[in-house]
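Down below is the structure, laid out as structure tokens.
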Amino acid sequence: MVIIIAGTIELDPERRDEALVSAEPCITGALTQAGCEAYTWTADLNSPGRVEVFECWTGESDLAAHFNGPHYLAMLKALGGFGLKSSDVLK
Numbered sequence: 675m676v677i678i679i680a681g682t683i684e685l686d687p688e689r690r691d692e693a694l695v696s697a698e699p700c701i702t703g704a705l706t707q708a709g710c711e712a713y714t715w716t717a718d719l720n721s722p723g724r725v726e727v728f729e730c731w732t733g734e735s736d737l738a739a740h741f742n743g744p745h746y747l748a749m750l751k752a753l754g755g756f757g758l759k760s761s762d763v764l765k
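Residue numbers (the numbering used here): 675 to 765.
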């Protein structure tokens, strides 16, 4: 079963671009994980602090491994340093 994750992350607008650059190693790393078919973060041009997130995974076990893996955990740690205000995710 394919799993689609779509969400938003609200950051300090003055630090969003820096956060996107900082996230690149985590994004690139996630793309190497088993079952990851897509993993993208994009600046929302209509909202200065918003990042749009899109992921596609081949199964629950691969997604669970991602949530417990180094790339996801590093991303969580890094986001706090960029004025994380909120996040919203649909699966």
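Backbone N, C-alpha and C define an ideal beta-carbon position, used for all residues, glycine too.
Original post:
Near residue 686, which residues of its chain fall below 7 Å by C-beta distance, leaving aside the five closest residues on each side in sequence?
Top reply: 723, 756, 757
Original post:
Comparing alpha-carbon positions, which option in 706, 693, 708 lies nearest residue 749?
Top reply: 693
Subject >> Length at least 4, wholly inside the stretch 713-742: the alpha helix (DSSP H) runs in chain order >> reply: If we require 4 residues or more, the alpha helix (DSSP H) runs fully inside the stretch 713-742 come out as 734-741.
Original post:
Assuming residue 717 and residue 736 make a contact with CB atoms under 8 Å, what is their CB distance in whole Å?
Top reply: Contact flag wrong, Cβ pair sits at about 27 Å.
Original post:
Would residue 679 pass as a contact of residue 729 if the rule is Cβ separation under 8 Å?
Top reply: yes
Original post:
So, helix, strand or coil for residue 762, using DSSP?
Top reply: strand
Original post:
Quick one: is residue 697 buried, meaning 16 or more other Cβ sit within 10 Å of its Cβ, or exposed?
Top reply: buried
Original post:
Does the beta-carbon of residue 704 have 16 or more other beta-carbons within 10 angstroms, so that it is buried, or is it exposed?
Top reply: Residue 704 comes out buried.
Original post:
Going by DSSP, which residues form a beta bridge with residue 702?
Top reply: The partner list for residue 702 (beta bridge, DSSP) is empty, contrary to what the question assumes.
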